[in-house]
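Residue numbers (my numbering): 5 to 398.
Every residue gets a Cβ at the ideal spot worked out from N, C-alpha and C, and that includes glycine.
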C-alpha cells in the first residue's frame with residue numbers, strides 16, 4: 005500500500021492546521037514491532053513561537069512525547085498510516101473523520117459534520133445558560149492544563165472540558181439515587197485514573213460543591229502519572245485525594261462507596277465490577293472497551309448466521325452480548341443497572357457506560373441468573389469472567 009492512498013486525509017489535516025481547527029488525532033490499531041506501544045495521540049502546540057505537532061506515544065506502562073515541525077509531523081503521520089497503524093480518528097472543531105484499513109488493504113474513510121449553532125444576541129439574553137457542575141476557575145484545571153494562567157479554557161482542551169462536565173453530571177444524577185450525600189464520609193476509587201482529569205473533578209465536586217468529606221483514590225499502573233497526580237494534589241493541598249500504583253486485579257480495596265473504571269480493557273472491567281460488588285459499593289460506573297473474551301467463543305445461532313457472517317456485525321454482537329451479561333449479573337446481585345451512550349472520551353472512540361446503583365428493592369437473583377444461562381446457551385458461550393468471579397465469591 006502506498007502512502008498516496010492517504011493523501012486526501014493528509015490534505016484534510018493540513019487544512020485544519022491552517023484554519024486552526026485541529027483538536028486531536030488518534031492513531032490506533034497498532035501492528036508494529038514494539039509490543040508495549042498502544043496508540044499515538046497528536047495535537048498542535050506552540051513551541052518558542054513556532055507551530056509544532058506533539059506526538060504522545062502511549063505505552064502500556066509509560067508515555068513518551070516527541071515534537072516535530074509541521075511538515076515533519078505530517079510526513080510521519082502519512083508514513084505510519086497503513087504500515088504500523090491501521091486506524092485513525094481525527095477531531096476538528098467542525099468535523100470528525102474516521103479512517104481505517106481493511107484486511108485487504110482498502111482505505112475506508114467517513115466524515116461527520118459537527119453542527120455549529122449560532123444564536124442572535126437577543127436570543128442569548130433569553131436562553132438559559134447550560135448548567136456546569138464545575139467552573140473554569142477551579143485550580144486543578146489550570147494545573148492539569150485544561151485552562152491557562154488566566155483561567156481561560158485552552159482551545160485544544162474544549163472537548164475534555166465537555167467530557168469532564170458530562171461525567172460529573174452523570175455522577176451527580178446517580179449520586180441522588182443513593183444515600184451517599186447524607187454520609188459523614190464518602191470513599192471513591194477510580195481505577196485506571198490516567199492523568200486523573202475525572203478523579204480531580206469528582207473530588208472537587210464532592211468537597212467544594214457539595215461540602216462532603218470525601219476520600220478519593222486514583223489507581224494507575226504508570227508510576228510517572230501516579231507521581232504527577234500526587235504532586236498536583238500536594239501543591240493544591242487537596243485533602244483526601246491520593247494516587248497509588250497498581251491495577252484493578254491486585255488492588256486491595258475495602259469500604260468503597262463508588263467504584264469507577266473507565267476504559268478498563270477486556271476482562272479488567274469484569275474485575276472492576278466484581279470488586280465493586282464484593283466491597284458493597286453503592287455505585288459502580290464502568291465504560292468498557294476491548295471486548296475480547298466472548299468473541300472467540302461465540303457460535304452464531306442459525307437464524308443469525310446471515311447477519312453475523314460479517315466481521316463487523318460479529319464484533320458488535322460480541323460487545324453487546326458481553327455488556328448485556330454484565331448488566332444482568334449486576335441486576336442479579338442487587339443493582340439497578342443502565343447501559344447507555346456516554347460522551348466520547350479522549351482515550352478511545354468507545355462511549356458506552358454501565359451505571360449500576362444499589363437497589364432498595366429485592367432482586368430475583370435465581371431468575372436473572374437463569375436468563376444469563378439461557379443467553380449463554382443460545383450463543384454457545386462457555387466462560388464469562390464476571391460470572392466466574394462472582395461464583396468464586398459466593
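Buried versus exposed, by CB contacts within 10 Å (16 or more), residue i
{"i": "residue 324", "result": "exposed"}
{"i": "residue 132", "result": "Per-residue confidence for residue 132 stands at a pLDDT of 40, beneath the threshold of 50, marking its modelled position as unreliable; the derived number appears in the next sentence. Residue 132 comes out exposed."}
{"i": "residue 289", "result": "buried"}
{"i": "residue 20", "result": "buried"}
{"i": "residue 388", "result": "buried"}
{"i": "residue 127", "result": "Since pLDDT at residue 127 reaches only 33, below the 50 mark, its modelled position is unreliable, and the value read off the structure follows with that caveat. The residue is exposed, with fewer than 16 neighbouring Cβ atoms inside 10 Å."}
{"i": "residue 54", "result": "exposed"}
{"i": "residue 254", "result": "exposed"}
{"i": "residue 1", "result": "Missing from the structure shown is residue 1; the chain here goes from 5 to 398 and no further."}
Neighbourhood of residue i by C-beta distance below 7 Å, restricted to the same chain and skipping five residues each side
{"i": "residue 121", "result": "Low confidence applies to residue 121: its pLDDT is 42, below 50, so where it sits in the model is not reliable enough to give any reading."}
{"i": "residue 141", "result": "155"}
{"i": "residue 191", "result": "219, 259, 260, 261"}
{"i": "residue 257", "result": "193, 279, 283"}
{"i": "residue 173", "result": "137"}
{"i": "residue 35", "result": "88, 90"}
Residue i, DSSP secondary structure in three states
{"i": "residue 283", "result": "coil"}
{"i": "residue 217", "result": "coil"}
{"i": "residue 400", "result": "Here the chain covers residues 5 to 398 and nothing more, so residue 400 does not appear."}
{"i": "residue 251", "result": "coil"}
{"i": "residue 234", "result": "helix"}
{"i": "residue 171", "result": "helix"}
{"i": "residue 151", "result": "strand"}
{"i": "residue 328", "result": "helix"}
{"i": "residue 211", "result": "helix"}
{"i": "residue 269", "result": "strand"}
{"i": "residue 34", "result": "strand"}
{"i": "residue 306", "result": "helix"}
{"i": "residue 336", "result": "helix"}
{"i": "residue 109", "result": "coil"}
{"i": "residue 298", "result": "coil"}
{"i": "residue 20", "result": "helix"}
{"i": "residue 261", "result": "coil"}
{"i": "residue 180", "result": "coil"}
{"i": "residue 44", "result": "strand"}
{"i": "residue 97", "result": "coil"}
{"i": "residue 398", "result": "coil"}
{"i": "residue 10", "result": "helix"}
{"i": "residue 146", "result": "helix"}
{"i": "residue 122", "result": "Since pLDDT at residue 122 reaches only 40, below the 50 mark, its modelled position is unreliable, and no value is offered."}
Enclosing beta strand (DSSP E) for residue i [first to last residue]
{"i": "residue 137", "result": "Element bounds for residue 137: n/a, residue is neither H nor E."}
{"i": "residue 195", "result": "190-195"}
{"i": "residue 360", "result": "356-362"}
{"i": "residue 71", "result": "67-73"}
{"i": "residue 57", "result": "54-63"}
Best match in the options for proximity to residue i [C-alpha to C-alpha]
{"i": "residue 115", "options": "93, 106, 109", "result": "93"}
{"i": "residue 267", "options": "251, 182, 256, 282", "result": "251"}
{"i": "residue 88", "options": "22, 277, 33", "result": "33"}
{"i": "residue 242", "options": "205, 280, 164", "result": "205"}
{"i": "residue 222", "options": "396, 177, 211, 201", "result": "201"}
{"i": "residue 212", "options": "139, 158, 188, 232", "result": "139"}
{"i": "residue 274", "options": "214, 104, 195, 320", "result": "195"}
{"i": "residue 249", "options": "234, 263, 238, 240", "result": "234"}
{"i": "residue 226", "options": "64, 344, 77", "result": "64"}
{"i": "residue 328", "options": "151, 358, 308", "result": "358"}
{"i": "residue 304", "options": "321, 169, 67, 76", "result": "321"}
{"i": "residue 391", "options": "254, 295, 373, 382", "result": "373"}
{"i": "residue 28", "options": "76, 59, 367", "result": "59"}
{"i": "residue 73", "options": "56, 25, 148, 80", "result": "56"}
{"i": "residue 40", "options": "317, 61, 244, 76", "result": "61"}
Limits of the alpha helix (DSSP H) - the one that residue i falls within
{"i": "residue 4", "result": "As displayed, the chain neither begins before 5 nor continues past 398, which places residue 4 out of reach and without an answer."}
{"i": "residue 374", "result": "369-383"}
{"i": "residue 88", "result": "Where residue 88 is concerned, there is no enclosing alpha helix (DSSP H), given that its DSSP letter is neither H nor E."}
Contacting residues, own chain, Cβ-Cβ under 6 Å from residue i (five flanking each side not counted)
{"i": "residue 360", "result": "288, 334, 339, 341"}
{"i": "residue 117", "result": "99"}
Cβ-based neighbour list, residue i, same chain, cut-off 8 Å, excluding 5 preceding and 5 following
{"i": "residue 84", "result": "31, 44"}
{"i": "residue 106", "result": "112"}
{"i": "residue 394", "result": "278, 281, 333, 337"}
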